[in-house]
Amino acid sequence: MELGAKLKEAREARNLSLEDVQKVTKIQTRYLQAIEKGNFSAMPGSFYVRAFVKEYATAVGLDADLFMEEHASELPKASNESSVQYSRVRSRNETTSTKSPAIFSFLPTLIVVLLIVGIFFLVWYFISTNDDGKSEEQVKTGGPDEVLVGDSGSTSEEKPEDTTEDTGSGDTTADDTEEQPEEPTNEPELKLVEETTDGAEGVTTYDLVNAEDSVQLVLNTDNEHWLEIENDKGKSFYNGMFAAAQAPQEIDLTGEERVHLRFGNPRDLKITVNGVDLQLPETVENGQIHQVWINLNASATE
5 MELGAKLKEA
15 REARNLSLED
25 VQKVTKIQTR
35 YLQAIEKGNF
45 SAMPGSFYVR
55 AFVKEYATAV
65 GLDADLFMEE
75 HASELPKASN
85 ESSVQYSRVR
95 SRNETTSTKS
105 PAIFSFLPTL
115 IVVLLIVGIF
125 FLVWYFISTN
135 DDGKSEEQVK
145 TGGPDEVLVG
155 DSGSTSEEKP
165 EDTTEDTGSG
175 DTTADDTEEQ
185 PEEPTNEPEL
195 KLVEETTDGA
205 EGVTTYDLVN
215 AEDSVQLVLN
225 TDNEHWLEIE
235 NDKGKSFYNG
245 MFAAAQAPQE
255 IDLTGEERVH
265 LRFGNPRDLK
275 ITVNGVDLQL
285 PETVENGQIH
295 QVWINLNASA
305 TE
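Heads up: the sequence shown runs through residues 5 to 306, numbered per the working numbering.
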């Protein structure tokens, strides 16, 4: 049985409509119909064909990995253009580094040695300058205990001057220069509060702390992504392919409580809210679809 027919049969066996599957997978109905008919040319790309088929299979209760393996011949091959280019670049870099003159291998050691010598020279210079300054001052003032010899041969010991006033002024200066504590600033901040999964997709939730009166979402990319943006009530702000030609994409979210983003190639999509970069967890990989929830009216915690 063909891939699309098998998925349709599994869906009907569970008494699910295409709209029911759409609600579970967040995949548009027209793409679900294209999968059932085997019309993969209507899909955004080969990566999304495989990702959407896997989610469809999970939603109708099939073993997604086994299903993908059984119907691998019907699915378009995943593009390996990026890995080929990476291998070529890596090969060129290795060849170049092999041909580099041997003298360059000593540069790091030479730089470290020069830095150490420079540090020792600076320390010696400051210590030497400080000692010379103290010696000159003692010669000029004679010090508090200097003994003066007069013409008659008599000696007199110079008494130290009263330093009470100087001490008092020193205390005043110390009080005046005491650093004042800095007032805390309430800058906007995105805090990661939860990491979950939704089928085969990862889901991360963030709180926008110290939000301003207006909330601006900005997206940038040098790649191509499937992108969906909507609020918690289902209102859509963006739905379709997002590429460098559409960047930067600015969306006004003022007055919204929550916003939901769903996108492919997550590592290449830059997301900022009120100028704050959204940092995805290290576990998020580029070859998967990812979801993000942002609570826009979160309060700062102590």
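Yeah, the Cβ is synthetic: ideal placement off N, Cα and C, and Gly gets one too.
Keep in mind it's a predicted model, so treat the numbers as computed, not measured.
Asked                                                                                                                                                      : Found
Short check: CB of PHE307 to CB of ILE31, under 7 Å?                                                                                                       : One cannot answer for residue 307 here, as it falls past the ends of the chain, which runs 5 to 306.
Helix, strand or coil, according to DSSP, for GLN32 in the structure here?                                                                                 : coil
Pick out whichever of ILE255, SER45, LYS237 and TYR60 has its Cα sitting closest to the Cα of GLU16.                                                       : TYR60
Going along the chain, which residues of its own chain have a beta-carbon closer than 6 Å to the beta-carbon of HIS307, five neighbours each way excluded? : No answer is possible for residue 307: it lies beyond the span of the chain, which begins at 5 and ends at 306.
Mapping the DSSP letters down to three states, classify ASN134 as helix, strand or coil.                                                                   : helix
To the nearest angstrom, report how far apart ARG266 and ASN214 are at their CA atoms.                                                                     : 24 Å
Please look up how many angstroms separate the CB atoms of PRO285 and THR208, rounded, as I've assumed it's under 8 Å.                                     : 6 Å
In chain order, which alpha helix (DSSP H) runs of at least 4 residues are fully inside the stretch 11-58?                                                 : 22-29 and 33-41
Our contact map puts PHE44 next to PRO80 with C-beta atoms below 8 Å; I'd like the distance itself, whole angstroms only.                                  : 6 Å
Have a look at ARG262, ALA46, TYR35 and THR29 and flag the residue whose alpha-carbon is nearest the alpha-carbon of VAL64.                                : THR29
From which residue to which residue does the beta strand (DSSP E) around LYS226 run?                                                                       : The amino acid at residue 226 is misidentified as Lys; the sequence shows Asp. ASP226 -> no beta strand (DSSP E), and no H or E assigned at all.
Out of curiosity, what's the CA-to-CA distance linking SER87 and ILE39?                                                                                    : Low confidence applies here, because SER87 scores a pLDDT of 40, under 50, leaving its location unreliable and the question unanswered by this model.
If you check the beta carbons only, do GLU205 and GLN283 fall under 7 Å apart?                                                                             : no
Of the residues ASN299, ALA76, SER21 and LEU20, which one's Cα is nearest the Cα of LYS195?                                                                : ASN299
According to DSSP, is VAL197 part of a helix, a strand, or is it coil?                                                                                     : strand
So, with DSSP's three-state summary, where would you put ILE275?                                                                                           : strand
Could you check the C-alpha separation between GLU98 and VAL197 for me, to the nearest Å?                                                                  : Note that GLU98 scores 47 on pLDDT, short of 50, meaning its location in the model is unreliable; the coordinates nonetheless yield the value given after this. Computed Cα separation, rounded: 42 Å.
Out of curiosity, what's the CA-to-CA distance linking VAL222 and GLU254?                                                                                  : 4 Å
For GLY268, which of helix, strand or coil comes out of DSSP?                                                                                              : coil
Here's the rule I'm using: 16 or more other beta-carbon atoms within 10 Å means buried, otherwise exposed. How should LEU273 be labelled?                  : buried
Starting from GLU78, trace the beta strand (DSSP E) in both directions and tell me its first and last residue.                                             : Element bounds for GLU78: n/a, residue is neither H nor E.
Between ASN278 and GLU216, is the Cβ-Cβ spacing less than 7 Å?                                                                                             : yes
So what does PHE246 bridge to, in DSSP terms?                                                                                                              : HIS229
What did DSSP end up calling ALA9 once you bin it into helix, strand or coil?                                                                              : helix
Hey, how far is the Cα of GLU78 from the Cα of GLN37?                                                                                                      : 16 Å
Suppose you measure from the CA of GLY244 to the CA of PRO270; what does that come to, to the nearest Å?                                                   : 15 Å
Name the residue from VAL288, ALA68, ARG34 and LEU22 whose alpha carbon lies nearest to the alpha carbon of THR200.                                        : VAL288
Alpha carbons only, please: which of GLY203, HIS229 and GLU23 is nearest the one belonging to THR62?                                                       : GLY203
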